[in-house]
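Trainee: Numbering (this note's numbering), first residue to last: 2 to 537.
Quick reminder that beta carbons are idealized off the backbone N, C-alpha and C, glycines included.
Since the structure is predicted, the reported quantities are computational estimates derived from the model, not experimental observations.
1. Roughly how many angstroms lie between the CA atoms of residue 486 and residue 242, to the nearest whole one?
2. Mapping the DSSP letters down to three states, classify residue 396 as helix, strand or coil.
3. Apply the 10 Å Cβ neighbour rule to residue 400 and answer buried if 16 or more other Cβ atoms are within range, or exposed otherwise.
4. Measuring CB to CB, does residue 509 end up less than 9 Å from residue 426?
5. Please classify residue 69 as buried or exposed, where buried requires at least 16 neighbouring CB atoms within 10 angstroms.
6. For residue 48, report the span of its alpha helix (DSSP H) as first-last.
7. DSSP state of residue 23, grouped into three classes?
8. Using CA coordinates, which residue listed in 350, 368, 430 is at the minimum distance from residue 409?
9. For residue 342, which three-state DSSP category applies?
10. Would residue 72 and residue 365 qualify as a contact pair, given that the criterion is a beta-carbon distance under 9 Å?
11. To the nearest angstrom, how far is it from the Cα of residue 285 to the Cα of residue 113?
12. What residue does the alpha helix (DSSP H) around residue 1 start on, and which one ends it?
13. Is the beta carbon of residue 497 closer than 9 Å to that of residue 256?
14. If you scan the stretch 217-279 from start to end, which runs of the alpha helix (DSSP H) of 4 or more residues do you find wholly inside it?
15. Spatial neighbours of residue 452 within its chain, please: C-beta separation below 7 Å, excluding the five flanking residues on both sides.
16. Check residue 143 in the structure and name its three-state DSSP category.
17. Taking residue 152 as the reference, which of 533, 190, 89 has the closest Cα?
18. Taking C-beta to C-beta, are residue 280 and residue 63 nearer than 9 Å?
19. Take residue 583 as the anchor and find which of 236, 270, 374, 456 has the nearest alpha-carbon.
20. Given 8 Å as the limit, is there contact between the stretch 189-207 and the stretch 224-236, that is, 3 or more CB pairs closer than that?
21. Three or more beta-carbon pairs under 8 Å between the stretch 184-199 and the stretch 214-221, yes or no?
22. Take residue 85 and list the residues in its own chain whose beta-carbon comes closer than 8 Å to its own, dropping the five residues that flank it on each side.
23. With a threshold of 16 other CB atoms inside 10 Å of the CB of residue 297, please say whether the residue is buried or exposed.
24. Going by the DSSP bridge assignment, what does residue 378 pair with across the sheet?
25. Which residue from 501, 48, 533, 308 puts its Cα closest to that of residue 390?
26. How many whole angstroms separate the CB atoms of residue 99 and residue 20, which I take to be in contact at a CB cut-off of 8 Å?
27. Please classify residue 333 as buried or exposed, where buried requires at least 16 neighbouring CB atoms within 10 angstroms.
28. Under 9 Å between the Cβ atoms of residue 304 and residue 393?
29. Going straight from the alpha carbon of residue 272 to that of residue 109, what length do you get?
30. In whole angstroms, what is the alpha-carbon distance linking residue 259 and residue 231?
31. Is residue 473 helix, strand or coil when you go by DSSP?
32. Within 10 Å of its beta-carbon, does residue 354 have 16 or more other beta-carbons around it, so buried, or fewer, so exposed?
33. What are the start and end residues of the alpha helix (DSSP H) that includes residue 86?
34. Cα separation between residue 475 and residue 454?
35. Within 10 angstroms of its Cβ, does residue 102 collect 16 or more other Cβ (buried), or is it exposed?
36. Quick one: any contact between the stretch 114-130 and the stretch 367-387, if contact means 3 or more CB pairs under 8 Å?
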């Protein structure tokens, strides 16, 4: 297929993505489900060209920015608070699912070796970061459930890929040594985190060294790819490199760039992630449709039945593991029971039921080698790929479509009470910080008292409104004169620094900081000071 035809297909797929995501919004269903089904239908239509997807394209082009963005919008405070349950799922559940799937696969596919079976288990074991993030944004489920699901999806890929590479190496012609695999996992994890932090630090330095917003946005786009490539070259975990880098940059991004850059970067990244997510899920469907010719017709039904058995195994193992992981540590530790009581069972069930597979399962399945070291075909390669795609489809459709009615039936949707309280506290502290800054400037030479008084009235009325009384203050952002703009910059900076301090102290979450920081950025833009940074 020549370059022109490839471009035409990309444009056509983009149009289909836009259409199906619009339909998904109208139907109130998760868009990944509709995109996979749409891609499957396209893949089964006769006469359309076959779209082949390179695993290198998925790993290098799609995964780094998706993981980086997911980590960037993850609350580090909440991630640390829930590190224990996240670890049980991201490490323990991946190992348990891999073992169970391998055993079932060997039972339903006669002749399948242990190495190939473990590779299949590792391929289908990690739930998808994209699906978890989409669910967290669309459904008003308890914040802790969202944090655990998103945190799990950020880390479990690293566990699964280490198992996958060890199993594939054994299947190709090597050997599988448990001790070596565990050591490889530890070294890969430590190395990946270290690389991510270093890339994050270098990115922060580069952002501080330039004042051009387009260059700054380009740096944010380059960083995840740099982290991924360095992770791959050093045989560290490229997944954890992107996760650690995204978390690190988030901690320092508020003071590293100007408001206008932050707003522009958010728009660019939102568009990029939307396009990448859309393409990856419709390509999953297309690949599944194309697999109909990869397996002989007389075996296709049997392989699909094996896919159903593996899908059921993955779902059942998660349904059993999540309650056990919640209960057993508390049974063994009275301190843990007192500090962190058993979550309500609806929370546990929703966590257990949310296990949709996606991009990593797709890429790992396609990345299976074609031949072994001896030059013979990789055993059961086509069957493993088809089963992996069947698991993606089954979990997305079955769990994805049923999740919303289950949440409503369990009355699990909750208000944002905690976040709203944190937001109110943050607004009060920010306004108080701005007033304190004005008090310190009132006696300075060259500062017009009228400007100071106007801003003081503005923030005083804000505090009154937060307390439940006082009129809605008029806009004070647009005012001629450099002195007023400088005063406005100083007060907005005081607010921003107060919010950052509250986040660093653990008083407010990153979500609250994101929301209020966005308001301050818009306010700075309206005041004509959007290109001014927080003083260092």
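Mentor: By the coordinates alone:
1. Position 485 of the chain shown holds residue 486. Position 241 of the chain shown holds residue 242. When rounded, the distance between both Cα atoms is 41 Å.
2. Numbered from 1 along the chain shown, position 395 holds the residue referred to as residue 396. Residue state, collapsed to three classes: helix.
3. As a working mapping, residue 400 is identified with position 399 in the chain shown. It is buried - the Cβ of residue 400 has at least 16 other Cβ atoms within 10 Å.
4. Reading the chain shown from its first residue, position 508 is the one you call residue 509. Reading the chain shown from its first residue, position 425 is the one you call residue 426. The answer is yes: Cβ separation under 9 Å.
5. The residue you call residue 69 lines up with position 68 of the chain shown. By the neighbour-count rule (16 or more Cβ atoms within 10 Å), residue 69 is buried.
6. Locating residue 48 in the chain shown gives position 47, counting from the first residue. Unbroken run through residue 48: none, as it is neither H nor E.
7. For this step, residue 23 is matched to residue 22 along the chain shown. The three-state reading of DSSP puts residue 23 in helix, counting H, G and I together.
8. Taking the first residue of the chain shown as 1, we reach residue 409 at position 408. Among 350, 368, 430, the Cα nearest to that of residue 409 belongs to 350.
9. Mapped onto the chain shown, residue 342 falls at position 341. Here residue 342 carries a coil assignment [DSSP, helix/strand/coil].
10. Numbered from 1 along the chain shown, position 71 holds the residue referred to as residue 72. Numbered from 1 along the chain shown, position 364 holds the residue referred to as residue 365. For residue 72 and residue 365, no; Cβs fall outside 9 Å.
11. For the purposes of this step, residue 285 is identified with residue 284 of the chain shown, where counting begins at 1. For the purposes of this step, residue 113 is identified with residue 112 of the chain shown, where counting begins at 1. Each residue's alpha carbon lies about 25 Å from the other.
12. Any answer about residue 1 is impossible in this case: the structure gives the chain only from 2 up to 537.
13. Within the chain shown, numbered from 1, the residue matching residue 256 stands at position 255. Within the chain shown, numbered from 1, the residue matching residue 497 stands at position 496. Taking 9 Å as the Cβ cut-off, residue 256 and residue 497 qualify as a contacting pair.
14. Segments of the alpha helix (DSSP H) lying fully in the stretch 217-279: 239-257.
15. Here residue 452 refers to the residue found at position 451 when the chain shown is read from its first residue. 484, 485, 488, listed in sequence order.
16. For the purposes of this step, residue 143 is taken as residue 142 along the chain shown, with counting starting at 1. Correct three-state label for residue 143: coil.
17. Translated into the one-based positions of the chain shown, residue 152 becomes position 151. Among 533, 190, 89, the Cα nearest to that of residue 152 is on 89.
18. For the purposes of this step, residue 280 is identified with residue 279 of the chain shown, where counting begins at 1. For the purposes of this step, residue 63 is identified with residue 62 of the chain shown, where counting begins at 1. Less than 9 Å separates the beta-carbon of residue 280 from that of residue 63.
19. Given that the chain is displayed from residue 2 to residue 537, the structure contains no residue 583 and the question cannot be resolved.
20. A contact exists between the stretch 189-207 and the stretch 224-236.
21. Of all C-beta pairs linking the stretch 184-199 to the stretch 214-221, fewer than three are shorter than 8 Å, placing the two stretches out of contact.
22. The sequence position of residue 85 within the chain shown is 84, counting from 1. 330.
23. On the chain shown, residue 297 is found 296 positions in, with the first residue counted as 1. Exposed: under 16 other Cβ atoms inside 10 Å.
24. As a first step, residue 378 must be located in the chain shown, where it is residue number 377. DSSP lists 372 as partners of residue 378.
25. Along the chain shown, read from residue 1 onward, the residue named residue 390 stands at position 389. If we check each option's Cα against that of residue 390, 308 comes out closest.
26. Sequence index remark: in the chain shown, residue 99 carries index 98 (1-based). Sequence index remark: in the chain shown, residue 20 carries index 19 (1-based). Separation of the CB atoms of residue 99 and residue 20 is rounded to 37 Å, and the pair is thereby denied contact status at 8 Å.
27. If you number the chain shown from 1, residue 333 lands on position 332. By the neighbour-count criterion, in which a residue is buried when 16 or more other Cβ atoms sit within 10 angstroms of its Cβ, residue 333 is exposed.
28. Position 303 of the chain shown, counted from the first residue, corresponds to residue 304. Position 392 of the chain shown, counted from the first residue, corresponds to residue 393. Cβ distance not < 9 Å, so residue 304 and residue 393 don't count as in contact.
29. Reading the chain shown from its first residue, position 271 is the one you call residue 272. Reading the chain shown from its first residue, position 108 is the one you call residue 109. Roughly 43 Å between the two C-alpha positions.
30. In the chain shown, counting from the first residue as 1, residue 259 sits at position 258. In the chain shown, counting from the first residue as 1, residue 231 sits at position 230. Distance between the alpha carbons of residue 259 and residue 231 is about 29 Å.
31. Translated into the one-based positions of the chain shown, residue 473 becomes position 472. Since pLDDT at residue 473 reaches only 49, below the 50 mark, its modelled position is unreliable, and the value read off the structure follows with that caveat. Three-state DSSP puts residue 473 in coil, outside helix and strand.
32. Here residue 354 refers to the residue found at position 353 when the chain shown is read from its first residue. By the 10 Å Cβ count, residue 354 comes out buried.
33. One-based indexing of the chain shown puts residue 86 at position 85. Where residue 86 is concerned, the enclosing alpha helix (DSSP H) stretches over 84-88.
34. The count along the chain shown starts at 1 and reaches residue 475 at position 474. The count along the chain shown starts at 1 and reaches residue 454 at position 453. Because the pLDDT of residue 475 is 48, which lies under 50, any placement of that residue in the model is unreliable, and the question is left without a value.
35. Within the chain shown, residue 102 is the residue found at index 101, counting from 1. Buried is the call here.
36. In this structure the stretch 114-130 touches the stretch 367-387; the number of beta carbon pairs closer than 8 Å is three or more.
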